[in-house]
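*Asks:* Sharing a structure below in structure tokens format, with a few things to ask.
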Amino acid sequence: MRIARNPFLDEGVRTYFVQEAILRSYFALVGVIGLALLLWWPRASLDAVVRSGIFPATFTTVCIGLYVCLTYLGARYGSEGFSPEARGKVREYALLTQVSLASIVAGRTLFALLHTLFLLALGTPFLLASLAVSGGGPALMLPALLVIGAATFAVRMYGLLTLVLLERQVGRDLCLAAGIILFLVISSLVVPAVNPITALLSILPGDKAAEAPISLPFGSIPFFLLSVIMSLAAGLLLAGAVFASLRGIRRRERPDRGGTR
Amino acid sequence: MVREGCYAPLLVSVENTGSRLQVTVRVEVTWGGLRGAVVQRSFTRHAFLPGGATRRIPFVVPILRGARSLKVAVSSNGLEVARQEVDLRALATSDRLVAGISSELSLDMVSALSGPDAPVRLVYPRVDDLPESWAGYDSVDMVVVHDTAFQQLRAAQAAALEAWVVTGGALVFTGGTGALQLGAAGLGRLLPVEITGLRERDDLPSLAAFLGFSRGPRGKMVIAESKVTAGAVVSSQDGLPTIVKRRLGRGSVWFTAFDPTLAPLDSWGGSRALWRRLSENDRQPALGAFSGSAVDDPWMKALLGNPPLGFPGSLAALAFAGGYLLLLLPFLSARISRRLRARLRAALLLCVAAAAACAGWLMFDRELFRSDARILDAARADVRSGDSVARVTEKIGLFGVQAGSAELPLDTADVAVDEAVRVGIPARTGSPLDPGLSIDTGRETTIRGISFPRFGSRLLVLNAVVSMPVEARVGSSAGSLLLSVSNGSARSLRRCFLVHAGRGYLVGDVAPSETVTRTFAPADGFLISSAEARLRLAGDARRASFLDQSEADTEPGRSRLFEGPGSVAGWLDDPLIAHVRPDRPALCLVVVEAR
Numbered sequence: 001m002r003i004a005r006n007p008f009l010d011e012g013v014r015t016y017f018v019q020e021a022i023l024r025s026y027f028a029l030v031g032v033i034g035l036a037l038l039l040w041w042p043r044a045s046l047d048a049v050v051r052s053g054i055f056p057a058t059f060t061t062v063c064i065g066l067y068v069c070l071t072y073l074g075a076r077y078g079s080e081g082f083s084p085e086a087r088g089k090v091r092e093y094a095l096l097t098q099v100s101l102a103s104i105v106a107g108r109t110l111f112a113l114l115h116t117l118f119l120l121a122l123g124t125p126f127l128l129a130s131l132a133v134s135g136g137g138p139a140l141m142l143p144a145l146l147v148i149g150a151a152t153f154a155v156r157m158y159g160l161l162t163l164v165l166l167e168r169q170v171g172r173d174l175c176l177a178a179g180i181i182l183f184l185v186i187s188s189l190v191v192p193a194v195n196p197i198t199a200l201l202s203i204l205p206g207d208k209a210a211e212a213p214i215s216l217p218f219g220s221i222p223f224f225l226l227s228v229i230m231s232l233a234a235g236l237l238l239a240g241a242v243f244a245s246l247r248g249i250r251r252r253e254r255p256d257r258g259g260t261r
Numbered sequence: 001m002v003r004e005g006c007y008a009p010l011l012v013s014v015e016n017t018g019s020r021l022q023v024t025v026r027v028e029v030t031w032g033g034l035r036g037a038v039v040q041r042s043f044t045r046h047a048f049l050p051g052g053a054t055r056r057i058p059f060v061v062p063i064l065r066g067a068r069s070l071k072v073a074v075s076s077n078g079l080e081v082a083r084q085e086v087d088l089r090a091l092a093t094s095d096r097l098v099a100g101i102s103s104e105l106s107l108d109m110v111s112a113l114s115g116p117d118a119p120v121r122l123v124y125p126r127v128d129d130l131p132e133s134w135a136g137y138d139s140v141d142m143v144v145v146h147d148t149a150f151q152q153l154r155a156a157q158a159a160a161l162e163a164w165v166v167t168g169g170a171l172v173f174t175g176g177t178g179a180l181q182l183g184a185a186g187l188g189r190l191l192p193v194e195i196t197g198l199r200e201r202d203d204l205p206s207l208a209a210f211l212g213f214s215r216g217p218r219g220k221m222v223i224a225e226s227k228v229t230a231g232a233v234v235s236s237q238d239g240l241p242t243i244v245k246r247r248l249g250r251g252s253v254w255f256t257a258f259d260p261t262l263a264p265l266d267s268w269g270g271s272r273a274l275w276r277r278l279s280e281n282d283r284q285p286a287l288g289a290f291s292g293s294a295v296d297d298p299w300m301k302a303l304l305g306n307p308p309l310g311f312p313g314s315l316a317a318l319a320f321a322g323g324y325l326l327l328l329l330p331f332l333s334a335r336i337s338r339r340l341r342a343r344l345r346a347a348l349l350l351c352v353a354a355a356a357a358c359a360g361w362l363m364f365d366r367e368l369f370r371s372d373a374r375i376l377d378a379a380r381a382d383v384r385s386g387d388s389v390a391r392v393t394e395k396i397g398l399f400g401v402q403a404g405s406a407e408l409p410l411d412t413a414d415v416a417v418d419e420a421v422r423v424g425i426p427a428r429t430g431s432p433l434d435p436g437l438s439i440d441t442g443r444e445t446t447i448r449g450i451s452f453p454r455f456g457s458r459l460l461v462l463n464a465v466v467s468m469p470v471e472a473r474v475g476s477s478a479g480s481l482l483l484s485v486s487n488g489s490a491r492s493l494r495r496c497f498l499v500h501a502g503r504g505y506l507v508g509d510v511a512p513s514e515t516v517t518r519t520f521a522p523a524d525g526f527l528i529s530s531a532e533a534r535l536r537l538a539g540d541a542r543r544a545s546f547l548d549q550s551e552a553d554t555e556p557g558r559s560r561l562f563e564g565p566g567s568v569a570g571w572l573d574d575p576l577i578a579h580v581r582p583d584r585p586a587l588c589l590v591v592v593e594a595r
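Quick note, the sequences are listed as chains A and B, same order.
Counting from 1, one number per residue, gives the positions in the first sequence under our numbering.
Counting from 1, one number per residue, gives the positions in the second sequence under our numbering.
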């Protein structure tokens, strides 16, 4: 109950469901995913698909489209890209109020999680619509949502970290873009199982990776699960990094806490 | 010994030395499949074994070229209690086989039918071991019944022999003193004659004339006196039938009044010619008769097109996406819903997303498209008027959207199940053995575990002989054509038509137990050679296409619908063998060869 009354949760709801720019971003998200669905909608007959062996990639495309959109939006939301004045708010909270840093970080993290779920919910109708025509069953929804959701959460926390650390929006955007691209490229080359796009490509049965579980010392896990675990771990680590950064800022800049200001 | 490329009978003898058991006997055959994948087909039967009992459980298994091994496992309550493996490579042969039912090894002369490229081997099955399924005779070209050692065949054994003849087999009953046993052995229904006694003769000049020889056999021989009950006398001596032939389905039943295994016939110069004449048939093994895939099979093509079996149209997807966006619009526009509180707006947006998700699921996973396997069914049944039995070939195309498996219950127990080439993702190296399919024969026969990959297909070919008392008679009077069609079966024959002398005449529906008579003037008929006429006869493009494909696909010996002396064809609404509801109306053509 304490966490439910966290002021940052309330502030998040008031920001993300009122600001016109953010509402427009939801509309754009749904529009882009809808467009991906239409563009990749199968046009051949079933027997032509069976004969050619080229299967409809509608579900995979919608998944990847949703992942790309949510990665972009997660980065923007995390770094408060839609409300440039926000950086001041986070720092002001840390510097000018007695609110504990744990409460700030917990509130922000929880809202990031809940808001990610909301964004996934917006994309779910398209995922469900594309499932059967791609030869998938309802059991595939959970892996797809977990991979996209965990990756979005991690990016969002990364955005929050850049918000705390970097003053200029341009710097934050550059840092976010470079970090995400580097992660995707390096992970696809070095540890493909950690890469969310590779994980999404492997969800539909028949793909090579989908049927090959990853062997770990304590047992084996489905291919997609490593990406989920790594993304959630990264998100929580980044939340810890945000907390540490805010504590550093508070110590450095608040006179009553030994700061220089 | 088993012949490659045919079904072969297999008897599994199970002895229970303990207390009573309910057992499942499973036979697995494996062979190298498509692209090197190992394919397996298994057959199961359930049996009750009282303590100390020995049961012999019959199977019919396909022996494809390259078949490697056959495993038999007996299990009770899920526990395997016995297992045996047979190396098929040591047993398989490509030679032609002739089965001789005789108490003595007296038919070895039949091996004289061997040609340089097609050696003939003679096998002598015990009467008790004779198959109870017609497919058990698939590997033999001819069955010669000399004598049954005074044993009586079981009803299922006699029925299997009859059904095999219907599929094109040649059955020969030899005469002499052994002929007196035939009726009592349970083969009277198949015999073209009724044995009335025995007579002794010194020569048979009519036999020489029948075979084109100048001299017939000379010496004392016992001739069975008989009265023809079915079929036609092809050779007689002094009014006594010496060779009688009965056509049954695609095959023939012969009766020779003499015993060709005894002197002087066994050493007569015309003996080889006689056996050659008796063994003449063009029967093809039921196994492997069809190749190709479900998407390319000509019978399936008629079902795949018109209307196409496909995905929901792009317009449906557009309507869905557009509708969802329109529903979201009021809640995402600050102008429209300016006074909406943040939490309420979030809740309403979630409600719209949930409603759209449900709608998307119902539309694209339930109503417009389903992810379970599609079943298409096309069949052709051939009946000769008077036989009351039909030889049925039914093709079942399974199109899987999701990876999964299906099962098919069958209406007929004695079915030979074959499969054409499968299309789909090839098995990965190191993947488990492809389960193929499993045929479970109990009170009902069910094909289980028909697995397929995502967007894969399978084409099953079912062959059976079923009861179908349908008759057609065609006659002419004063330039008119008289037709009488009698449907003694339990199914309606829809949109029947007569094909006679290159013309097609519409007859209409014939209900069960109904006899329809029609008189046609020659001008009433359509010239069957034109595609337009066939379309008018068939009633729709799908059926017309099936008529064309079925005609082009006619196997050797099977009556060609458009070329025969006179045939009546009609359509059945439901599949004949499979007990399924196909995703498209089943195409089941019944062709009745008129008298």
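Note that beta-carbon positions come from the ideal geometry of N, C-alpha and C, so glycine has one too.
Which first and last residues belong to the alpha helix (DSSP H) in which V147 (chain A) is found?
*Replies:* M141 to L165
*Asks:* In chain A, what lies closer than 8 Å to G456 (chain B) by C-beta?
*Replies:* V50
*Asks:* Between L38 (chain A) and D47 (chain A), what straight-line distance do the alpha-carbon atoms span, to the nearest angstrom?
*Replies:* 21 Å
*Asks:* Applying the 10 Å Cβ sphere with the 16-neighbour rule, what's the burial state of L182 (chain A)?
*Replies:* Exposed, because fewer than 16 other Cβ atoms sit within 10 Å of the Cβ of L182 (chain A).
*Asks:* In chain A, what lies closer than 7 Å to G310 (chain B) by C-beta?
*Replies:* Under the 7 Å cutoff, chain A gives S45 and L46.
*Asks:* Using a Cβ distance threshold of 8 Å, determine whether the stretch 278 to 292 of chain B contacts the stretch 124 to 142 of chain B, with at least three qualifying pairs required.
*Replies:* yes
*Asks:* Identify whether G475 (chain B) lies in helix, strand or coil by the three-state DSSP scheme.
*Replies:* strand
*Asks:* Below 9 Å between beta carbons is the criterion; list the residues of the stretch 124 to 150 of chain A that meet it against any residue of chain B, in chain order.
*Replies:* T124, P125, F126, L127, L128, A129, S130, L131, A132, V133, S134, G135, G136, G137 and P138
*Asks:* When the cut-off is 8 Å and only beta carbons count, does Y72 (chain A) lie next to chain B?
*Replies:* no
*Asks:* Give the straight-line distance between the Cα atoms of I180 (chain A) and L327 (chain B), rounded to the nearest whole angstrom.
*Replies:* 33 Å
*Asks:* Please state the DSSP three-state secondary structure of H46 (chain B).
*Replies:* Shown here, H46 (chain B) sits in a strand according to DSSP, grouped into three states.
*Asks:* Since A112 (chain A) and S231 (chain A) should fall inside the 8 Å C-beta cutoff, what is the C-beta to C-beta distance between them, to a whole number of angstroms?
*Replies:* Contact flag wrong, Cβ pair sits at about 13 Å.
*Asks:* Please classify L96 (chain A): is it buried, with 16 or more other beta-carbons within 10 angstroms of its beta-carbon, or exposed?
*Replies:* exposed
*Asks:* Three-state secondary structure (DSSP) at W299 (chain B)?
*Replies:* helix
*Asks:* Roughly how many whole angstroms lie between the Cα atoms of Y77 (chain A) and G159 (chain A)?
*Replies:* 7 Å
*Asks:* What whole-angstrom Cβ distance do F150 (chain B) and V193 (chain B) have, given they're in contact under 8 Å?
*Replies:* The pair is not a contact, with the Cβ atoms about 20 Å apart (cut-off 8 Å).
*Asks:* Taking the alpha carbon of A75 (chain A) as the point to measure from, which residue in A:T198, A:I33 and A:A151 has its own alpha carbon closest?
*Replies:* A:A151
*Asks:* Short of 6 Å in beta carbon distance, which residues of its chain neighbour L482 (chain B), apart from the five on each side in sequence? Order them along the chain.
*Replies:* The answer, listed in chain order, is G475 and T519.
*Asks:* In three-state DSSP terms, what is Q19 (chain A)?
*Replies:* Judged by DSSP in its simplified three-state form, Q19 (chain A) adopts coil rather than helix or strand.
*Asks:* For the stretch 181 to 204 of chain A, which residues have a beta carbon sitting closer than 8 Å to at least one beta carbon of chain B?
*Replies:* L204
*Asks:* Step through the CB atoms of chain A and report whether any lies within less than 8 Å of the CB of G360 (chain B).
*Replies:* G360 (chain B) counts as touching chain A.
*Asks:* What does a CB cutoff of less than 6 Å around Q84 (chain B) pick up in its chain, not counting 5 residues either side in sequence?
*Replies:* V72
*Asks:* Does the beta-carbon distance from L161 (chain B) to S279 (chain B) come in below 8 Å?
*Replies:* no
*Asks:* Rounded to whole angstroms, what is the Cα-Cα separation between I229 (chain A) and L146 (chain A)?
*Replies:* Roughly 9 Å between the two C-alpha positions.
*Asks:* Tell me which residues of the stretch 365 to 388 of chain B have at least one Cβ-Cβ distance to chain A shorter than 8 Å, keeping chain order.
*Replies:* Within the stretch 365 to 388 of chain B, D365, F369, R370, S371 and R374 place their CB atoms closer than 8 Å to a CB of chain A, listed in sequence order.
*Asks:* Report the rounded CA-to-CA distance for G249 (chain B) versus S550 (chain B), giving the unit in angstroms.
*Replies:* 18 Å
*Asks:* What number of angstroms, rounded off, separates the C-alpha of S271 (chain B) from the C-alpha of Y505 (chain B)?
*Replies:* 47 Å
*Asks:* Anything in chain A within Cβ reach of F546 (chain B), meaning under 8 Å, just list it in chain order.
*Replies:* Within chain A, no residue comes near F546 (chain B); the closest Cβ sits about 16 Å away, beyond 8 Å.
*Asks:* With a cut-off of 8 Å, does the C-beta of A353 (chain B) fall near any C-beta of chain A?
*Replies:* yes
*Asks:* Of all the CB atoms in chain B, is at least one closer than 8 Å to the CB of P7 (chain A)?
*Replies:* no
*Asks:* Taking the beta carbon of L498 (chain B) as the centre, do at least 16 other beta carbons fall within 10 Å, making it buried, or is it exposed?
*Replies:* buried
*Asks:* Using 8 Å for Cβ pairs, my map puts R199 (chain B) next to T93 (chain B). What's the rounded Cβ distance?
*Replies:* So it is not a contact: roughly 41 Å between Cβ atoms.
*Asks:* For R343 (chain B), decide whether its Cβ has a neighbour in chain A, counting only Cβ atoms nearer than 8 Å.
*Replies:* yes
*Asks:* Check whether the stretch 48 to 65 of chain B and the stretch 9 to 29 of chain B are in contact - that is, three or more C-beta pairs closer than 8 Å.
*Replies:* yes
*Asks:* Is there a Cβ of chain B sitting closer than 8 Å to that of V18 (chain A), yes or no?
*Replies:* yes
*Asks:* What's the C-alpha gap between S220 (chain A) and F243 (chain A)?
*Replies:* So the alpha carbons of these two residues sit roughly 34 Å apart.
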